[in-house]
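Q:
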Amino acid sequence: MVRGAYVDLLNQWPRGQVVLDAANGVDYELRSQETGPIDIVLMDLQMPHRDGFQTTRWIRQHQRNTRVLGLSHDPTVADARELLRLGALGLLPKNAEPAEIFQALDQAAADHIHTNDLVRDALRTPALPEEEEAERVNALPDQERHVLELWVHKAGHTIPQIAGKLGVKPSTVNTHIDRFCRKLGIKNRVDAVYLALRTGLMGRNGRRRR
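Rendered as structure tokens:
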């Protein structure tokens, strides 16, 4: 499917419309400055000049509220693992049915991961043994653990929402996140969600365990 066909398809998604169609990552960077905030980017991994991985990294550094979904004609588990590590919310094959693409967009709009087989396989192997992961989670100070629980909750709380619930500044929440990410050996919210599932911090249905 060529870019124009994707534009036509995405404009059929009932929850949004295409505001920017870019040829590559460099083109996206330049044109997104004129467009303004973008909610979701459907990113081709095989782009010239700046590929999907590099562009995802740039987006996560400069447009932190923009969610990224990857797209590839021949996606691999390694591709999915790297893309998730960079902070994307999923990877789709280019032959995905429109229903799956719309489902992934719905999940990304809610700041949820699109867990198809590629993503499940990519996240199957934890960075640490599960027992050690659980020990590190249990050793977190109460405030850091509470922030972690809110961060990975199915509702997908934003940093300002977490700050409001705890009665602290967003910068304080970011400090807690930076600290427990270093302690737990994770890099982003995607890693945190799956760590929470593996260690029992969050049930498989996405609810926190009491």
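The sequence shown begins at 3 in the working numbering and counts up one residue at a time.
No residue lacks a Cβ here, since even glycine has one placed at the ideal position from N, Cα and C.
Taking 7 angstroms as the limit between beta carbons, can you name the residues of its chain near Pro172, skipping five residues before and five after?
A: Hits under 7 angstroms: Ile161, Pro162, Ala165.
Q: Got a sec? Which residues, its chain only, sit under 6 angstroms from Asp123 by beta carbon, not counting five neighbours each side?
A: Excluding residues within five positions, the ones whose Cβ falls inside 6 angstroms are Val79.
Q: Near Ala24, what residues of its chain come up, given a Cβ to Cβ distance below 8 angstroms and the 5 sequence neighbours on each side ignored?
A: Cβ within range, chain order: Tyr30, Arg33, Ser34.
Q: Could you round the C-beta distance between Leu142 and Phe182 to whole angstroms and report it? I think they count as a contact, below 8 angstroms.
A: Contact holds; Cβ gap of about 6 angstroms.
Q: Reducing DSSP to helix, strand and coil, say where Gly187 ends up.
A: In the structure shown, Gly187 sits in coil (DSSP, three-state: anything other than H, G, I, E or B).
Q: From Ser74 to Gly169, what distance separates their C-alpha atoms?
A: Cα to Cα, the separation comes out at about 42 angstroms.
Q: Could you tell me the alpha carbon to alpha carbon distance between Asp46 and Ile179, rounded to whole angstroms?
A: Straight-line Cα distance between these residues: approximately 30 angstroms.
Q: Hey, Leu22 and Phe55: beta-carbon distance below 9 angstroms or not?
A: Result no, Cβ atoms of Leu22 and Phe55 do not sit closer than 9 angstroms.
Q: Determine the extent of the beta strand (DSSP E) in which Ile42 is found, giving its start and end residues.
A: Its beta strand (DSSP E) spans residues 42-46.
Q: Taking the straight line between their C-alpha atoms, what separation do you get for Glu133 and Leu186?
A: Looking at the two C-alpha atoms, the distance is approximately 12 angstroms.
Q: Pairing CB atoms from the stretch 100-119 with CB atoms from the stretch 47-66, are three or more of them under 8 angstroms?
A: In short, these stretches do not touch, since the Cβ pair count stays below three.
Q: Looking at the strands, I want to know which residues DSSP matches up with Val70.
A: Answer is Val43.
Q: Throw me the rounded Cβ distance for the Lys189 and Arg87 pair, which I believe falls under 8 angstroms.
A: Indeed, because the Cβ distance is near 6 angstroms, the residues count as touching under 8 angstroms.
Q: With DSSP as the reference, label Pro100 as helix, strand or coil.
A: Residue state, collapsed to three classes: helix.
Q: Identify, in the order they occur along the chain, each residue of the same chain with its Cβ nearer than 7 angstroms to the Cβ of Glu36, setting aside the five sequence neighbours on each side.
A: No residues qualify anywhere along the chain.
Q: Considering only the alpha carbon of each residue, which of Ala194, Thr201, Tyr8 lies closest to Phe104?
A: Out of Ala194, Thr201, Tyr8, Tyr8 has the C-alpha closest to the C-alpha of Phe104.
Q: On the criterion of 16 or more Cβ atoms from any shown chain inside 10 Å, does Asp10 qualify as buried, or is it exposed?
A: Asp10 should be labelled exposed.
Q: From this set, Ala98, Glu102, Val195, Ala106, which residue's C-alpha is nearest Glu135's C-alpha?
A: Of the listed residues, the one whose Cα sits closest to Glu135 is Val195.
Q: Roughly how many whole angstroms lie between the Cα atoms of Val28 and Ile61?
A: Rounded to whole angstroms, Val28 to Ile61 spans 11 angstroms at the Cα level.
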